[in-house]
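Protein chains in written order, with full-length UniProt numbering: chain E, 1 to 350; chain Y, 1 to 294.
Using N, Cα and C, we set each Cβ at its ideal position, and we do this for glycine too.
The structure presented is a predicted model; accordingly, all values stated were derived computationally and were not measured.
Step one of this worksheet: look at the structure below.
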Amino acid sequence: MIEARGLTKRFGEKTAVDDVTFTVRPGHVTGFLGPNGAGKSTTMRMILGLDRPTAGTVTVAGVRYSGLGTPLREVGALLDAKAMHGGRTAHNHLLLLARSNGIPARRVDEVLDLVGLRSVARKHARGFSMGMGQRLGIAAALLGDPAVLMFDEPVNGLDPEGILWIRTLMRSLAAEGRTVFVSSHLMSEMAQTAEHLVVIGRGRILADTSVREFIAANATSHVRVRSPQLGELGPLLARRDWRVEVDPDGSLRVYGADPAAVGDVAADHGVRLHELSPVQPSLEEAFMRLTGDTVEYHAGGRPVPPAPEAGPVSTAREGGAPPAAPPPPEASSPDLPPTAPDGTWRGGDA
Amino acid sequence: MTAGPEDAGRPPGEGASTHRDVAAEDGAGRKRAEHRPASFADAVAAEWIKIRTVRSTFWTLLAGLVVTIGLSCLLAWVFVSAYDRLGARDRLRFDPTAYGLAGINFGMVAFGVLGVLVVTGEYATGMIRTSLTAVPRRGRLFAAKALVLGGVVLVVGEIVSFAAYFLSQLIFADRHLDAGLGEDGVLRAVIGGGLYLTLIALLALAIGTLLRHTAGAVTTVLGLLFVLPIIGSFLPGDLGRTVRKVLPAGAGGAIMNTRPSEESLSPWAGLGVFTLYTVVLLVAALLAFQRRDA
Ligand SMILES: Nc1ncnc2c1ncn2[C@@H]1O[C@H](COP(=O)(O)OP(=O)(O)OP(=O)(O)O)[C@@H](O)[C@H]1O
Ligand SMILES: [Mg+2]
């Protein structure tokens, strides 16, 4: 069990982790998902007491990491597989870690067997391939047979066989009742491994939900439209109750509409269509949309000021406060990625 | 914990581990065994494995040994060869013990480099994060590092100091210039040579911890030990003499004198001043180590 409460980390001006609260529970793999620079590694370093939080607390098994009597028996972490002295042999690296926590030396051979490094146990770690280094890092994490495991981007740079091995390992560790917390910037990876997701973007938690719910809530199908008259069509479609986004390739995505209705609107206004097709949801897209990577369509680039009573953030945060109340300062924060349909361009507002 | 008669009926394995008896269940129903908390001794044991399983330890210690003993003997031989041409004043002021330990003033660099590497090696490789994950109590980790480094350098430093002393006295014995261990202050000077090397290694550990960078820390150690005395030598008169006495190398080196000298503090006062520098830097390093992100 990992519990973060109001966890915040600032590096000078930069807020890497911003008032983050979440709980990672035992028994399943929890994915920690976010684009590059979202604050995943910083959060994990704070869990391990490597970085000091600017504000907030984080506990493992109910105590601060530095308060654990035998930390390696409670938590196994792989943050950076290269975080070891390359001049030391794999065996000695593990042996010294075992000694530091009073773990019997025979456990070193056990974990070396477990990760398949027995034959190179007496070789210097600097000669290891990426996959071998990763396995050694995982051996170190498993050394104390801990109930909580944490992996930061464990599949980075691994070949398909290595990826499969790690995935299987993480799932079996979780099936044994352990808490498994794995970060990734790839939604597709998480969809195959995790049951629960904590999504982080620009230091804030964007979602804390099961993978199934996340898909249901975020991966909505849309209609893909190509037209030489997109400038006309966009506002027309947006005027209906549909959400319209511009794809990087220049086509439109219309959410909440079916192809026939979109075609009708085009025909009514004499707009020529070059493509009109339904698109099934992709998790990667759902994730990208949630983390705010897609460009929003603003009908000629005019940003629409959010009406206070309809603003997604103020309604969510104030939870039924009178509309007259001034929105909290963060309600209009430009840092907040657009997370809800309300945040997009609407014809009715223009 | 031997199997008594009452254990006879149990299946093999049961009762073999004391852990089972106090096993508790965690939130998910996994059996969790209780363990004795890791101690300072565990951290020391790990640091001991660390220091003996990297090659840099062997090479720096070997370099320190060769340079210290080699230069001590070489300088002794040069002195003996030139003895006939020396004036009465020089002969009178000759301190065979200090002269025989002169190599320590150069060999100390290697021990300083070891002190730096013990910690900057961890920062350079990222090992420090793994170390702190295993031993998150930073004061404990730092103390264990200092203890193991200090212990290793103390043993090797004393060996080096005694070897330099004995070999150089063999050379001096040619001219009946040698000083016996029983003579006034000689044993103190020779033991002090090893203590001085130990303090240098610890001072270097502190600087390495503060700077977290090998080249920068080694340069700083060299600056403190070699460049400061050069600057001091340009200061005029009494002020210059006083400053030179309390500069790190001047103060620490005093422990190896067996004849009083106007140019240096008394042996124990000098080593005391050097110890003070070391302790101040160690405290600063510990505070920085505890406060900073790893
Ligand atoms: N020591 C530091 N000093 C200054 N800024 C930092 C530091 N560490 C992280 N940051 C910044 O904090 C933000 C979050 O970084 P972090 O490494 O936690 O992201 P991440 O989610 O792990 O990204 P990635 O997927 O690229 O690993 C980034 O903008 C990064 O530049
Ligand atoms: Mg990262």
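If you measure between the beta carbons of residue i and residue j, is that distance less than 8 Å?
i, j, result
"Phe287 of chain E", "Met187 of chain E", "yes"
"Leu112 of chain E", "Ala121 of chain E", "yes"
"Leu177 of chain Y", "Ile69 of chain Y", "no"
"Thr97 of chain Y", "Val218 of chain Y", "no"
"Leu78 of chain E", "Ile138 of chain E", "yes"
"Ala251 of chain Y", "Phe274 of chain Y", "yes"
"Leu117 of chain E", "Leu136 of chain E", "yes"
"Arg226 of chain E", "Glu275 of chain E", "yes"
"Tyr65 of chain E", "Gly49 of chain E", "yes"
"Val153 of chain Y", "Leu65 of chain Y", "no"
"Val135 of chain Y", "Leu141 of chain Y", "yes"
"Pro248 of chain Y", "Gly192 of chain Y", "no"
"Val223 of chain E", "Pro259 of chain E", "yes"
"Asp184 of chain Y", "Thr133 of chain Y", "no"
"Ala147 of chain E", "Arg178 of chain E", "yes"
"Met150 of chain E", "Met46 of chain E", "no"
"Asn101 of chain E", "Thr70 of chain E", "yes"
"residue 301 of chain Y", "Val119 of chain Y", "Nothing about residue 301 of chain Y can be read from this structure; chain Y reaches only from 1 to 294."
Run down chain E in chain order and give the residues with a C-beta less than 8 Å from the C-beta of residue i.
i, result
"Asp293 of chain Y", "Arg45, Leu50, Asp51 and Arg52"
"His35 of chain Y", "Gly69, Thr70, Arg73 and Gly102"
"Gly126 of chain Y", "Asp80, Lys82, Ala83 and Met84"
"Thr209 of chain Y", "Result: empty, since nearest Cβ-Cβ is about 16 Å, beyond 8 Å."
"Thr97 of chain Y", "Those do not exist, as Thr97 of chain Y stays about 38 Å from chain E at its closest Cβ, beyond 8 Å."
"Thr60 of chain Y", "Neighbours of Thr60 of chain Y on chain E: none; closest Cβ ~13 Å, over 8 Å."
Name the chain Y residues that come within less than 7 Å of residue i, Cβ to Cβ?
i, result
"Asn92 of chain E", "Ile49 and Thr53"
In the DSSP output, what is residue i paired with across the bridge?
i, result
"Tyr255 of chain E", "E:His222 and E:Arg243"
"Val17 of chain E", "E:Lys9"
"His124 of chain E", "E:Thr89"
"His196 of chain E", "E:Thr30 and E:Ser210"
"Arg204 of chain E", "E:Gly201"
"Gly76 of chain E", "E:Leu149"
"Pro278 of chain E", "E:Val223"
"Ser184 of chain E", "E:Leu33"
"Ile2 of chain E", "E:Val24 and E:Val60"
"Ala83 of chain E", "For Ala83 of chain E, which the question treats as bridged, DSSP gives no partner whatsoever."
"Thr179 of chain E", "E:Val148"
"Ala269 of chain Y", "Partner(s): none; Ala269 of chain Y has no beta bridge."
"Gly55 of chain E", "Residue 55 of chain E is actually Ala in this sequence, not Gly. Per DSSP, E:Thr8."
Is any heavy atom in ligand 1 found nearer than 7 Å to the beta carbon of residue i?
i, result
"Ala4 of chain E", "no"
"Phe234 of chain Y", "no"
"His35 of chain Y", "no"
"Gly37 of chain E", "yes"
"Gly162 of chain E", "no"
"Gly144 of chain E", "no"
"Phe111 of chain Y", "no"
"Phe289 of chain Y", "no"
"Phe11 of chain E", "yes"
"Lys245 of chain Y", "no"
"Lys82 of chain E", "no"
"His91 of chain E", "no"
"Gly56 of chain E", "no"
"Gly34 of chain E", "yes"
"Ala194 of chain E", "no"
"Ala16 of chain E", "yes"
"His185 of chain E", "yes"
Along chain E, which residues have their Cβ under 7 Å away from the Cβ of residue i?
i, result
"Val118 of chain Y", "Those within 7 Å of Val118 of chain Y in chain E number zero; the least Cβ separation is about 11 Å."
"Arg137 of chain Y", "Ser66"
"Thr133 of chain Y", "Leu48, Pro71 and Ala77"
"Ala43 of chain Y", "Ser100"
"Arg212 of chain Y", "Neighbours of Arg212 of chain Y on chain E: none; closest Cβ ~14 Å, over 7 Å."
"Ala110 of chain Y", "By Cβ distance, chain E contributes nothing, its closest Cβ being about 18 Å from Ala110 of chain Y, past 7 Å."
"Ala38 of chain Y", "Gly69, Thr70, Ser100, Asn101 and Gly102"
"Arg93 of chain Y", "Chain E residues near Arg93 of chain Y: none, gap ~47 Å exceeds 7 Å."
List the residues of chain E that residue i touches, going by C-beta distances under 9 Å, in chain order.
i, result
"Gly121 of chain Y", "His85 and Gly87"
"Met85 of chain Y", "According to the sequence shown, residue 85 of chain Y is Arg rather than Met. Those within 9 Å of Arg85 of chain Y in chain E number zero; the least Cβ separation is about 50 Å."
Give the residues of chain Y in contact with residue i, contact being defined as C-beta atoms less than 9 Å apart.
i, result
"Leu95 of chain E", "Ala46, Ile49 and Thr53"
Please tell me whether, using a cut-off of 7 Å, the distance from the CB of residue i to the nearest non-hydrogen atom of ligand 4 is below it.
i, result
"His213 of chain Y", "The model on display carries ligand 1 and ligand 2 but not ligand 4."
Lining residues of ligand 2 - beta-carbon closer than 7 Å to any non-hydrogen atom, in sequence order: Result: E:Lys40, E:Ser41, E:Asp152, E:Glu153 and E:Ser183.
Members of the region 136-169 of chain E that neighbour chain B once the beta carbon cut-off is set at 8 Å: The structure shown contains no chain B; its protein chains are E and Y.
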